[in-house]
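First comes the structure, then the notes that go with it.
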Amino acid sequence: MAVLRNRAVFLDRDGVLNEERGDYTWRPNDFRVLPDVPGALRRLKAEGYHLIVVTNQAGVAKGLYGMDDVRACHEKLQATCGGLIDAFYVAPGHPSVSESLSRKPGSLLLEKAMARFGLDPAQSWMVGDRGRDIAAGHRAGVRTIRVGKPDPQDGPAADYYAGSLEEAARLIVAAGTSGKSASRPGADRDGWTA
Ligand SMILES: [Mg+2]
């Protein structure tokens, strides 16, 4: 078995890295990187985290746009963030078209990245703004931060809550290398800000 010694922050895209428009975002002109994101990514990178985007893009399966459009948005993100992101994993499926293990709340995208980069789940994190992001993180065995407030109507509770990626990055740096066993899933309110 491979030695898992690297660590990562898995990042949902829409609503965490770029503005959530309430609709599919696939034109680079509509893809607006949130202002605190480049600094937050720099901070996490400096702490030794791989930065890995895991995103559901069901609009591909629905025929609304193509993977070239997705890539163009990701190029804009990389240009804005100084190329700090190590990898992009995209789930293009949708249950209305075909089932997919990659689509969050499935954890296959995270597991692929873990195998590729030799990531230790106990030292890794998932940051997302929806319950399915948190569910995928739980399944992969990483700690979870939800950008936003607790929402019992939308998926499982996260380990921590943050108002932005910048705040999530602060939480991650503060938790440091304490490991997953040090966290109290769903019960720790230290990261909560109303
Ligand atoms: Mg999102």
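One point on numbering: in the working numbering, the residue at position 180 of the sequence shown is 167, and numbering is uninterrupted. We put the beta carbon where it would ideally sit given N, CA and C, even for glycine.
- For the 7 Å CB-CB criterion, L31 and V(-4) form a contact.
- Distance between V57 and L51, taken at the CA atoms: about 11 Å.
- I159 carries a helical assignment under DSSP once its states are collapsed to helix, strand and coil.
- Beta-carbon to beta-carbon, F18 and V40 are separated by about 13 Å, too far to satisfy the 8 Å threshold.
- DSSP, reduced to helix, strand and coil, places L21 outside both helices and strands of the structure shown, so it counts as coil.
- Taking a contact to require three or more Cβ pairs closer than 8 Å, the segment 58 to 65 and the segment 94 to 114 do not qualify as touching.
- Taken through DSSP and simplified to helix, strand or coil, L97 comes out as helix.
- The set of residues with a C-beta under 7 Å from any non-hydrogen atom of ligand 1 comprises D(-1), R0, D1, G2, V3, E7, G115, D116, R117 and D120, given in chain order.
- If you ignore the 5 residues before and after P15, its C-beta comes within less than 6 Å of the C-beta of A59, C60 and K63, all in its own chain and listed in chain order.
- In this structure, DSSP gives I72 a state outside helix and strand, which the three-state scheme calls coil.
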